[in-house]
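Chains as they are written, first to last, in this note's numbering: chain A, 26 to 136; chain B, 603 to 719.
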Amino acid sequence: GNSVTQMEGPVTLSEEAFLTINCTYTATGYPSLFWYVQYPGEGLQLLLKATKADDKGSNKGFEATYRKETTSFHLEKGSVQVSDSAVYFCALLTSGSRLTFGEGTQLTVNP
Amino acid sequence: GAGVSQSPSNKVTEKGKDVELRCDPISGHTALYWYRQRLGQGLEFLIYFQGNSAPDKSGLPSDRFSAERTGESVSTLTIQRTQQEDSAVYLCASSLEGGSGSTDTQYFGPGTRLTVL
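In structure tokens:
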């Protein structure tokens, strides 16, 4: 079956630090890959996505590259801000429309 | 330009009672999804609607859970004889089309926090 594994949290960084949140997946077929973000007190929002191998999704300074050879979709940002503090979820979508989520990674950025 | 809305935002109920959770998807979205998020865990898929039919209900955890969708719009998730392990945030999402091969973005509502005492 399909599964997503995220690096364990929580992650605490200082402002302007480099961020990597690892995500690997197991899937049948060729999934689309997503990062969703949940800010405190808010609903889940799409951050970025990639639909085929070697695609790079990017948004708000965050990037992730779909690596089929390593079945990974790591999230990166070069310089985090306090406002990036949130829970980040990696997810995959295969035919059939259900999203399979990782367990989420709590990020806290301190000033 | 409204997003996905859900009601109520919070629901506290006693064990054994029935609850109904409502979802209003984005207008024009034919696909609708229900997920559950238990404390400290990722989201679990429950059921998917394409129009008013549910081609995938395999995530419903027991026969106490049911859902319906009418008019290709509003959906209701019903939990009968609630148990404490049903306590979670129930999230609804919608997408433009959905279905096999679709990569449409799913847009999520704010969720309903259910607490079963």
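Don't be surprised by glycine CBs; every beta carbon is placed ideally from N, CA and C.
TODO: Check whether the Cβ of G653/B lies closer than 8 Å to any Cβ atom in chain A.
DONE: As a first step, residue 653/B is located in the second sequence; it is residue number 51 there, counting from the start. By this cut-off, G653/B is not an interface position.
Task: Beta carbon of L132/A nearer than 8 Å to that of L58/A - done: The count along the first sequence starts at 1 and reaches residue 132/A at position 107. The count along the first sequence starts at 1 and reaches residue 58/A at position 33. Cβ distance not < 8 Å, so L132/A and L58/A don't count as in contact.
Open item on the list: Under DSSP, the beta strand (DSSP E) around Y650/B begins and ends at which residues?
Closed with: One-based indexing of the second sequence puts residue 650/B at position 48. It spans L645 to Q652 - the beta strand (DSSP E) in which Y650/B sits, taken as one unbroken run.
TODO: Check whether the Cβ atoms of A89/A and A111/A sit closer than 8 Å, and answer yes or no.
DONE: Here residue 89/A refers to the residue found at position 64 when the first sequence is read from its first residue. Here residue 111/A refers to the residue found at position 86 when the first sequence is read from its first residue. Cβ atoms of A89/A and A111/A: not closer than 8 Å.
Open item on the list: Distance check for F114/A and G644/B, CA to CA, integer angstroms please.
Closed with: Locating residue 644/B in the second sequence gives position 42, counting from the first residue. Locating residue 114/A in the first sequence gives position 89, counting from the first residue. The straight-line gap from Cα to Cα measures roughly 8 Å.
Open item on the list: Once DSSP output is grouped into helix, strand and coil, what is the label at V107/A?
Closed with: Numbered from 1 along the first sequence, position 82 holds the residue referred to as residue 107/A. Residue state for V107/A is assigned as helix, using DSSP reduced to three classes.
Open item on the list: I want to verify the contact list: residues of chain A whose CB lies under 7 Å from the CB of R710/B, in sequence order.
Closed with: Translated into the one-based positions of the second sequence, residue 710/B becomes position 108. According to the sequence as given, residue 710/B is Phe; it is not Arg. The answer, in chain order, is G68 and L69.
Task: Cβ-Cβ distance between A633/B and F647/B below 8 Å - done: For the purposes of this step, residue 633/B is taken as residue 31 along the second sequence, with counting starting at 1. For the purposes of this step, residue 647/B is taken as residue 45 along the second sequence, with counting starting at 1. No, they are not a contact pair.
Task: DSSP state of E616/B mapped onto helix, strand, coil - done: Here residue 616/B is taken as the residue at index 14 of the second sequence, counted from 1. E616/B falls in the coil class under three-state DSSP.
TODO: Identify each residue in the stretch 76–88 of chain A for which the Cβ-Cβ distance to at least one residue of chain B is less than 7 Å, and report them in chain order.
DONE: T76
Task: D665/B burial status per 10 Å Cβ neighbour count (16 or more: buried) - done: Indexing the second sequence from 1 puts residue 665/B at position 63. Counting Cβ neighbours within 10 Å, D665/B comes out exposed, since fewer than 16 surround it.
Task: Below-8 Å beta-carbon distance, K93/A vs any chain B residue - done: The residue labelled residue 93/A in the question sits at position 68 within the first sequence. By this cut-off, K93/A is not an interface position.
- [ ] List the residues of chain A whose Cβ lies closer than 9 Å to the Cβ of A690/B, in chain order.
- [x] Indexing the second sequence from 1 puts residue 690/B at position 88. None at all; the shortest Cβ gap to chain A is about 14 Å.
Task: Outcome for S611/B when other beta-carbon atoms lying within 10 angstroms are tallied against a minimum of 16 - done: In the second sequence, the residue the question calls residue 611/B occupies position 9. Burial check for S611/B: the Cβ neighbour count within 10 Å stays below 16, so the residue is exposed.
Open item on the list: So L693/B contacts chain A; which residues on that side make the cut at Cβ distance below 8 Å?
Closed with: As a first step, residue 693/B must be located in the second sequence, where it is residue number 91. Those within 8 Å of L693/B in chain A are G68 and L69.
Task: Short-range partners of chain B found in the stretch 100–111 of chain A, where Cβ spacing is below 8 Å - done: Under the 8 Å Cβ criterion, the stretch 100–111 of chain A contributes no residue.
Task: Between the CA atoms of T37/A and E674/B - distance to the nearest angstrom - done: By one-based count along the second sequence, residue 674/B stands at place 72. By one-based count along the first sequence, residue 37/A stands at place 12. Answer to the nearest angstrom: the Cα atoms are 43 Å apart.
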